[in-house]
Structures are given as structure tokens and as C-alpha cells.
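A.B. asks: Quick one: the structure is below, questions incoming.
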Amino acid sequence: MTDERNFRSSYYEKVGFRSVEEKRSLEILLKERPLDKAKLKQFCLRFTVPTIHRNFLWKILLDVIPVYIDSHEFIIYQRKAEFHDLQKALKVTKLMDGCTKPYLMFLTMWLLRNRRAKLDMRSQLEIPLHSAMSRIAETLWHIVDIDSYEEKLVDTYWILCGLLDQVQRFHKEVSRLQECACTLLEREDPELYKHLIKIEALHNIPYDIWFCSCFAGTISNGSIAKIWDKIAVGAYRILIFVTVITLITLRRLLLRCNNIDGILDTTANITEETSEVIVNKAIESWQQNGSTLTTIS
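If you're matching positions, the sequence shown starts at 1 in UniProt numbering and goes up one per residue.
Here is the structure:
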């Protein structure tokens, strides 16, 4: 019986499910009153969040709704009201119209809420940080799975606010994250490291876009949520491991490249299958290195 259970657990891992037992343990945590955010954070650090619970759990972890279930109805009502107020403000100021894509509307609303929106939104969205954030917004719009269009708009916006606040917190550390990624790559794959140095590509890889977008637009939408489970609890240093594992996974193609253009083209065309491999290996490597949450080593 033990062998059968181990085989089943191994099979679930290969197809993207850590184990049935972990799903049950999360469901038990979600029945606690009030919810224990510390335990939920630990779950996210250790396991992949089941898709069926992801929207709700992200909203708890990103402070969209409180740990007190009885307050949810009132808070959700307030969130909807603020969403519509911001949406109305964008229309009145003509910062958006009926043709504005939802993800651009979300980012503009976030900028407005943070008193950073400008009348010339087109140029503001071209700022590298905001461009990376727009990639998060676009990817999140495809990830959030809610039948009601109205509820999807509101939930996506507020979850995005939480994720963008996380990006804001580590934005100043991007250069340090890049340094750590290069050091880790040198340790894990010296041959690839030397090749990238030789063709002057190592320091020209778009690390800032990768980190500030949390790999949105690089890793496929079907796999990236596993990484964002960690971002939602502030474990942004996992992005170091995603960077290194991405390069190592593509090493055969990268070793054939003779310039940065070839490197950029290769990393911009990662398949869904390769994305899944990268994400799973990155999480495994990150966990083996202590699931770094508060320090960079």
C-alpha cells in the first residue's frame, strides 16, 4: 500500500499535482476561523496552490480580503465600489475609453490609486517598470478564472494591486538579484556562463524586465502561477532561480548563439512544455537552497 501511494504521489508530481494530501491539508486550513495567514503562507512556500483555491488564497495573502470570513461580504462590496469609482475617474479624465484593453485599464487604475497617473498615459506606460507591470496585468487577466465578467474585472484588479505592491517592494533590489543570478549560473553551469561572457550577452539579458514582470510574457500562462504563489507571500528571490534554470534549460540553444540578439530571440520563444519544466525545476532548486525568503545568499 505504501509503494502504491508513493507511486501515485510521484505520478501526480509529474503531471503537475504535488499530492492529494496537500490539497486536503489546504482545505483544512481554509476552514479555520479566523484564517491563519502564517500557516497559509507556509503552505504557499512549500507547495503549489491548487487552481480551484488560488484566487481566494491570493486575495487573502495580498490583503484584498481579511482573514475574518464574516467581514468578506462588506469588504468585497467596498472593493467593488472603489473599483467603479476609479473606472469612472478614468473615463471622466479620458484616460480610457471603450476600446481600452482590461489589463491596461487595471494598470492605469493602480497608478491613479497611487497618485502617479499622468495625462500622457502612453508615454508613462513605456517606462520600463510600467511596461513590465503591464505584462503582469495582461497575464493575470488570462490566469484569473471566474465565470462572471464583472467579478473577474474586480478580482483581477485587486489581485494585481497586491502583486504590483510586491514588485514595488523589491524593485530597488533588481541589480542585486541580477548579481546573484550570475553568481549562481557560474556555479551551476560554468560552460554556459563562460559562453555568455564571451559573446558579451550575460550582462545584457533583460533581467529588469524578467524580474519586474515576474516572468510574465516569458514563462507561459499555464505555468507561471506556480511562481506567483511564492511572489504572493513575498518570496521574490525565487526569481533568481527561475532566471538560472531558464538559461540552463535552454543551454543547448544558447551555446549556439553568437550574439545577444540570438539569446533574446531564444528566451522570448519558450514553449509551454519548456515553461513547465523550467518552473518545476526552479521551485525544486529554490527549495533545496532553503526557500530563501528574507535573505540573499
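All C-beta atoms in this analysis are idealised placements derived from N, C-alpha and C, irrespective of residue type, glycine included.
How many Å lie between Lys284 and Ile270 at the Cα?
C.D. replies: Within the sequence shown, numbered from 1, the residue matching residue 284 stands at position 284. Within the sequence shown, numbered from 1, the residue matching residue 270 stands at position 270. Checking the sequence, you will find Glu at residue 284 rather than Lys. Each residue's Cα considered, the two are about 20 Å apart.
A.B. asks: Please return the same chain residues whose Cβ sits closer than 6 Å to the Cβ of Val167, not counting the five positions on each side in sequence.
C.D. replies: Reading the sequence shown from its first residue, position 167 is the one you call residue 167. Around Val167, the same chain offers Cys212 as residues with beta carbons nearer than 6 Å, after the five sequence neighbours per side are excluded.
A.B. asks: Would you kindly work out how many angstroms separate the C-alpha atoms of Ser10 and Leu239, rounded to a whole number?
C.D. replies: Within the sequence shown, numbered from 1, the residue matching residue 10 stands at position 10. Within the sequence shown, numbered from 1, the residue matching residue 239 stands at position 239. Only weak support exists for where Ser10 lies, its pLDDT of 48 falling under 50; the coordinates are left without a value.
A.B. asks: Can you tell which of Lys31, Asp261, Lys59 has its C-alpha closest to the C-alpha of Lys152?
C.D. replies: To locate residue 152, count along the sequence shown from 1; it is residue 152. Residue Lys59 is the option with its Cα nearest to Lys152.
A.B. asks: For Pro102, report the span of its alpha helix (DSSP H) as first-last.
C.D. replies: As a first step, residue 102 is located in the sequence shown; it is residue number 102 there, counting from the start. That run of the alpha helix (DSSP H) goes 102–113.
A.B. asks: When DSSP builds the beta bridges, which residues end up paired with Ala216?
C.D. replies: The residue labelled residue 216 in the question sits at position 216 within the sequence shown. Its beta-bridge partners are Ile219.
A.B. asks: State the Cα-Cα distance for the pair Trp210 and Gln87, rounded to the nearest angstrom.
C.D. replies: What you label residue 210 is simply residue 210 of the sequence shown in a count that begins at 1. What you label residue 87 is simply residue 87 of the sequence shown in a count that begins at 1. Roughly 29 Å separates the two Cα atoms.
A.B. asks: Give a yes or no on whether the C-beta atoms belonging to Val174 and Lys80 are separated by under 8 Å.
C.D. replies: Here residue 174 corresponds to residue number 174 of the sequence shown, with the count starting at 1. Here residue 80 corresponds to residue number 80 of the sequence shown, with the count starting at 1. In this structure, Lys80 does not lie closer than 8 Å to Val174 by Cβ.
A.B. asks: According to DSSP, is Gly162 helix, strand or coil?
C.D. replies: Within the sequence shown, residue 162 is the residue found at index 162, counting from 1. Residue state, collapsed to three classes: helix.
A.B. asks: Do you know how far the Cα of Ser223 is from the Cα of Glu27?
C.D. replies: In the sequence shown, the residue the question calls residue 27 occupies position 27. In the sequence shown, the residue the question calls residue 223 occupies position 223. Cα-Cα distance, rounded: 22 Å.
A.B. asks: In three-state DSSP terms, what is Ser9?
C.D. replies: As a working mapping, residue 9 is identified with position 9 in the sequence shown. Here the model assigns Ser9 a pLDDT of 46, short of 50, so the residue's position is not dependable and the matter cannot be decided.
A.B. asks: In the DSSP assignment, find the unbroken alpha helix (DSSP H) run with Val277 in it and report its ends.
C.D. replies: Locating residue 277 in the sequence shown gives position 277, where the first residue counts as 1. Residues 272–288.
A.B. asks: Three or more C-beta pairs closer than 8 Å, one from the stretch 188–200 and one from the stretch 20–40: is that the case here?
C.D. replies: no
A.B. asks: In or out: Ser71 buried (at least 16 other Cβ within 10 Å) or exposed?
C.D. replies: In the sequence shown, residue 71 corresponds to position 71, counting from 1. Looking at its Cβ environment, which holds fewer than 16 other Cβ atoms inside 10 Å, Ser71 is exposed.
A.B. asks: Give me the residue from Lys226, Val244, Asp261 with the minimum Cα distance to Cys180.
C.D. replies: As a working note, residue 180 is residue 180 in the sequence shown. Here the closest residue by C-alpha is Val244.
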